[in-house]
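Everything on this sheet refers to the single structure shown next.
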Amino acid sequence: MTDIVDELKWRGLFALSTDEDALRKALADGPVTFYCGFDPTAASLHVGHLVQVLTIRRLQQAGHRPLALVGGATGQIGDPRPTAERTLNDPETIANWVGRLRTQIEPFLSFEGENAATMVNNLDWTAGLSAIEFLRDIGKHFRVNKMLTKESVARRLESQEGISYTEFSYQLLQGMDFLELYRRYGCTLQTGGSDQWGNLTAGIDLIHRLEPDATVHAMGTPLMVKADGTKFGKTEGGAVWLDPELTTPYAFYQFWLNVDDRDISTYLRILSFKSREELEEIEKQTEERPQARAAQRALAEELTTLVHGADQCAAVIAASKALFGQGDLTDLDEATLSAALSELPRVQVAELGQVVDLLAEVGLVASKSAARRTVKEGGAYVNNVKVAAEDAVPGRDELLHGRWLVLRRGKKNLAAVEVTAG
Ligand SMILES: N[C@@H](Cc1ccc(O)cc1)C(=O)O
1 MTDIVDELKW
11 RGLFALSTDE
21 DALRKALADG
31 PVTFYCGFDP
41 TAASLHVGHL
51 VQVLTIRRLQ
61 QAGHRPLALV
71 GGATGQIGDP
81 RPTAERTLND
91 PETIANWVGR
101 LRTQIEPFLS
111 FEGENAATMV
121 NNLDWTAGLS
131 AIEFLRDIGK
141 HFRVNKMLTK
151 ESVARRLESQ
161 EGISYTEFSY
171 QLLQGMDFLE
181 LYRRYGCTLQ
191 TGGSDQWGNL
201 TAGIDLIHRL
211 EPDATVHAMG
221 TPLMVKADGT
231 KFGKTEGGAV
241 WLDPELTTPY
251 AFYQFWLNVD
261 DRDISTYLRI
271 LSFKSREELE
281 EIEKQTEERP
291 QARAAQRALA
301 EELTTLVHGA
311 DQCAAVIAAS
321 KALFGQGDLT
331 DLDEATLSAA
341 LSELPRVQVA
351 ELGQVVDLLA
361 EVGLVASKSA
371 ARRTVKEGGA
381 YVNNVKVAAE
391 DAVPGRDELL
401 HGRWLVLRRG
411 KKNLAAVEVT
421 AG
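Going letter by letter, the sequence shown gives residues 1 to 422 in the UniProt record's numbering.
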């Protein structure tokens, strides 16, 4: 079997670590209990969290034992961002989000067998801690001079508003988590994004001071970057969430399908569970026929299945094929169709009028005369059927599930019409 460190390196997942040889040896010698933490800053995880969640899964599959931490305590403090202070959410909201994140993370891990995963919450060891105890037992081991050098803290010190004492204290809490998990579970490795490096080493330093015999490690995964320089994980509609109520499986699938050709092999290596041979084969196909977007399709399919299940993935693939004219729109069940259409520009009308009016109204063309031109050139479609006449009016019998029409201009531009009356 390949060495897990080599595997992580090949995938580009091993961006930073404490002593690499020591970590490699620990992982090769036997099950390592490791942890990764997630703060409840929203009701759901988003695609940016997948790197962490899937790295934990990967390490578990390699035989190691995960502790997945949801930060009921740290979520109430807020890890300082380089840009600005966070607004505090109330404790009940945070408690609710803790529950949601837990249920989101659990399906990625196995809770059976020798290296069963354990879910933990740092509120368990901080809720009963007094401020005096915290400052004496933990605070005493931190040097402010060093804390100030942490990247996000340093950036905030340069800003007009500075940083609150609350957020400045965050690294103590995360440091204490690692110590606590070392003591409770024998946890000797923490993984996290490279932006977490300061927090990861805060824990290492604290453990070294209080548990001089301990050998502990930290590993940082790369940040997901985009070739065009924009932020990963955002679309015009905002963040891409894992919760299907917040981002439909259809939109989730489309997000991966639309990954830039320049980024796709990097993302595949980081996120896919396919073997090196399989990925190299996909990379080869992509080089030969980039327009087929085999790599994007493979990643979209794998991640949609992993996050939303195989049935949802199949429905979403059917919907996107059908919308783009390679399948039958009338075959789609109502839920799948309406989820797919909710991602498109759309108008509601009480009565069906001329196609040219609908095309203009929904914004697929700039004007009614442009709409006529499109029809004349044979570039307008209603439910994948080419519109033949400039004065065509769709019939009620054409409505999908009694209320929808899918309009298309050319190959790619889609919109939906919803007929409300009747
Ligand atoms: N600080 C981490 C979350 C975290 C919280 C507590 C920990 O012990 C570890 C990690 C983040 O913002 O992503």
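Yeah, the Cβ is synthetic: ideal placement off N, Cα and C, and Gly gets one too.
Exercise. Is DSSP giving Thr191 helix, strand or coil here?
Worked result: Taking the sequence shown and counting its residues from 1, the one referred to as residue 191 is at position 191. Note: Thr191 maps to strand in three-state DSSP.
Exercise. Whose C-beta lies closer than 6 Å to the C-beta of Gln312 among residues of the same chain, with five residues either side of it excluded?
Worked result: What you label residue 312 is simply residue 312 of the sequence shown in a count that begins at 1. Excluding residues up to 5 positions away in sequence, Pro249 lie with their Cβ nearer than 6 Å to the Cβ of Gln312 in the same chain.
Exercise. Hey, out of Val47, Pro212 and Val349, whose CA is closest to Arg396's CA?
Worked result: The count along the sequence shown starts at 1 and reaches residue 396 at position 396. Considering only alpha carbons, the answer is Val349.
Problem set entry | C-beta contact flag for Arg269 and Gly63 at 7 Å | Within the sequence shown, numbered from 1, the residue matching residue 269 stands at position 269. Within the sequence shown, numbered from 1, the residue matching residue 63 stands at position 63. The answer is no: Cβ separation not under 7 Å.
For this session: Flag Asp79 as yes when its Cβ comes closer than 6 Å to any non-hydrogen atom of ligand 1, and as no otherwise.
Result: As a first step, residue 79 must be located in the sequence shown, where it is residue number 79. Because some heavy atom of ligand 1 lies under 6 Å away, the Cβ of Asp79 counts as near it: yes.
For this session: Could you say which of Thr266, Arg409, Ala314 and Thr304 lies nearest to Phe14 if we only look at CA atoms?
Result: Position 14 of the sequence shown, counted from the first residue, corresponds to residue 14. In this structure, Thr266 is the residue among Thr266, Arg409, Ala314 and Thr304 with its C-alpha nearest to the C-alpha of Phe14.
For this session: Pull up the distance between the alpha-carbon of Ser367 and that of Glu361, whole angstroms please.
Result: Mapped onto the sequence shown, residue 367 falls at position 367. Mapped onto the sequence shown, residue 361 falls at position 361. Roughly 8 Å between the two C-alpha positions.
Problem set entry | Other residues of its chain near Pro82: CB distance less than 6 Å, five sequence neighbours each side excluded | As a position in the sequence shown, residue 82 is number 82, starting the count at 1. Closer than 6 Å at the Cβ level, and outside the excluded window around Pro82, lie Ser152 and Arg155.
For this session: Less than 8 Å between the CB atoms is what I'm expecting for Val120 and Leu69, so what's the real figure, rounded?
Result: The count along the sequence shown starts at 1 and reaches residue 120 at position 120. The count along the sequence shown starts at 1 and reaches residue 69 at position 69. Taking C-beta atoms under 8 Å as the contact rule, Val120 and Leu69 qualify, at a distance of about 5 Å.
Exercise. When every heavy atom of ligand 2 is checked, does at least one fall within less than 6 Å of the C-beta of Thr374?
Worked result: As presented, the structure is devoid of ligand 2, carrying ligand 1 as its sole ligands.
Problem set entry | Where Thr33 sits in the DSSP three-state scheme | Within the sequence shown, the letter at position 33 stands for residue 33. When secondary structure is reduced to three states using DSSP, Thr33 falls in the strand class.
Problem set entry | DSSP beta-bridge partners of Met219 | On the sequence shown, residue 219 is found 219 positions in, with the first residue counted as 1. DSSP lists Ser17 and Thr191 as partners of Met219.
Exercise. So is Ser342 buried or exposed if we call it buried at 16+ other beta carbons inside 10 Å?
Worked result: For this step, residue 342 is matched to residue 342 along the sequence shown. Result: exposed.
Problem set entry | Option nearest Asn383 by Cα separation, candidates Glu106, Gln326 and Gly162 | One-based indexing of the sequence shown puts residue 383 at position 383. Out of Glu106, Gln326 and Gly162, Gln326 has the C-alpha closest to the C-alpha of Asn383.
Problem set entry | Where Ala22 falls, given that 16 or more other Cβ within 10 Å makes a residue buried | The residue given as residue 22 occupies position 22 in the sequence shown. Result: exposed.
Problem set entry | Runs of alpha helix (DSSP H) wholly within the segment 132–218 (minimum 4 residues, chain order) | For the segment 132–218, whole alpha helix (DSSP H) runs of length 4 or above, ordered along the chain, are 144–147, 151–158, 165–168, 170–185 and 197–210.
Exercise. What residue does the beta strand (DSSP E) around Gln348 start on, and which one ends it?
Worked result: Reading the sequence shown from its first residue, position 348 is the one you call residue 348. For Gln348, the enclosing beta strand (DSSP E) has its first and last residue at Arg346 to Val349.
For this session: Could you check how far apart the C-beta atoms of Leu200 and Gly192 are, in whole angstroms? I think they sit under 8 Å.
Result: Locating residue 200 in the sequence shown gives position 200, where the first residue counts as 1. Locating residue 192 in the sequence shown gives position 192, where the first residue counts as 1. About 6 Å; that satisfies the 8 Å criterion.
Exercise. Should Gly175 be counted as a contact of ligand 1 given a C-beta to heavy atom distance under 6 Å?
Worked result: Here residue 175 refers to the residue found at position 175 of the sequence shown. In this structure, ligand 1 has no non-hydrogen atom nearer than 6 Å to the beta-carbon of Gly175.
Problem set entry | Contact test: Thr235 Cβ vs ligand 1 heavy atom, cutoff 6 Å | Taking the first residue of the sequence shown as 1, we reach residue 235 at position 235. Checking the Cβ of Thr235 against ligand 1 gives no.
Problem set entry | beta-carbon Thr55 near ligand 1 non-hydrogen atom, thresh 6 Å | Here residue 55 refers to the residue found at position 55 when the sequence shown is read from its first residue. False, no ligand heavy atom lies under 6 Å from that Cβ.
For this session: Give the secondary structure of Lys368 by DSSP, where H, G and I count as helix, E and B as strand, and everything else as coil.
Result: Taking the first residue of the sequence shown as 1, we reach residue 368 at position 368. Of the three classes helix, strand and coil, the one that applies to Lys368 here is helix, per DSSP.
Exercise. Sorted by chain position, which residues of the same chain lie with C-beta nearer than 6 Å to Gly48's C-beta, five sequence neighbours on each side aside?
Worked result: Along the sequence shown, one-based indexing puts residue 48 at 48. Taken in chain order, the residues that qualify are Gly233.
Exercise. Taking the DSSP output, what are the residues bridged to Met119?
Worked result: On the sequence shown, position 119 is the one that residue 119 refers to. Answer by DSSP bridge pairing, in chain order: Ala68.
Exercise. When the distance is taken between beta carbons, is Gly162 closer than 7 Å to Leu123?
Worked result: Here the question's residue 123 lines up with position 123 in the sequence shown. Here the question's residue 162 lines up with position 162 in the sequence shown. No, Cβ-Cβ distance for Leu123 and Gly162 is not below 7 Å.
Problem set entry | Element boundaries [alpha helix (DSSP H), containing Arg58] | Taking the first residue of the sequence shown as position 1, residue 58 is located at position 58. That run of the alpha helix (DSSP H) goes Leu50 to Gln61.
Exercise. Looking at Thr286 and Ala315, is the spacing between their C-beta atoms short of 7 Å?
Worked result: On the sequence shown, position 315 is the one that residue 315 refers to. On the sequence shown, position 286 is the one that residue 286 refers to. No; because the gap between Cβ atoms is not below 7 Å, this pair is not in contact.
Exercise. How big is the Cα-Cα spacing for Thr188 and Thr330?
Worked result: For the purposes of this step, residue 188 is identified with residue 188 of the sequence shown, where counting begins at 1. For the purposes of this step, residue 330 is identified with residue 330 of the sequence shown, where counting begins at 1. The straight-line gap from Cα to Cα measures roughly 55 Å.
Exercise. Where do the ends of the alpha helix (DSSP H) carrying Ala380 lie?
Worked result: The residue you call residue 380 lines up with position 380 of the sequence shown. Taken as a continuous stretch (DSSP letters only), Ala380 belongs to no alpha helix (DSSP H), being part of the beta strand (DSSP E) at Ala380 to Val382.
Exercise. Quick one: Cα of Glu302 to Cα of Glu112, how far?
Worked result: Taking the sequence shown and counting its residues from 1, one reaches residue 302 at position 302. Taking the sequence shown and counting its residues from 1, one reaches residue 112 at position 112. Approximately 23 Å, taken between the alpha carbons.
Exercise. Cα-Cα, which of Asn413, Arg289 and Thr118 is closest to Arg184?
Worked result: On the sequence shown, residue 184 is found 184 positions in, with the first residue counted as 1. Distances from the CA of Arg184 to each of Asn413, Arg289 and Thr118 were compared; the closest alpha carbon is that of Thr118.
Problem set entry | Terminal residues of the alpha helix (DSSP H) in which Arg276 lies | As a position in the sequence shown, residue 276 is number 276, starting the count at 1. Note, Arg276: alpha helix (DSSP H), Arg276 to Glu288.
Exercise. How should residue 457 be labelled, buried or exposed, when 16 other C-beta atoms within 10 angstroms of its C-beta is the threshold for buried?
Worked result: Nothing about residue 457 can be reported from this structure: the residues present for the chain run from 1 to 422 only.
Problem set entry | Other residues of its chain near Arg276: CB distance less than 7 Å, five sequence neighbours each side excluded | Indexing the sequence shown from 1 puts residue 276 at position 276. Trp10, listed in sequence order.
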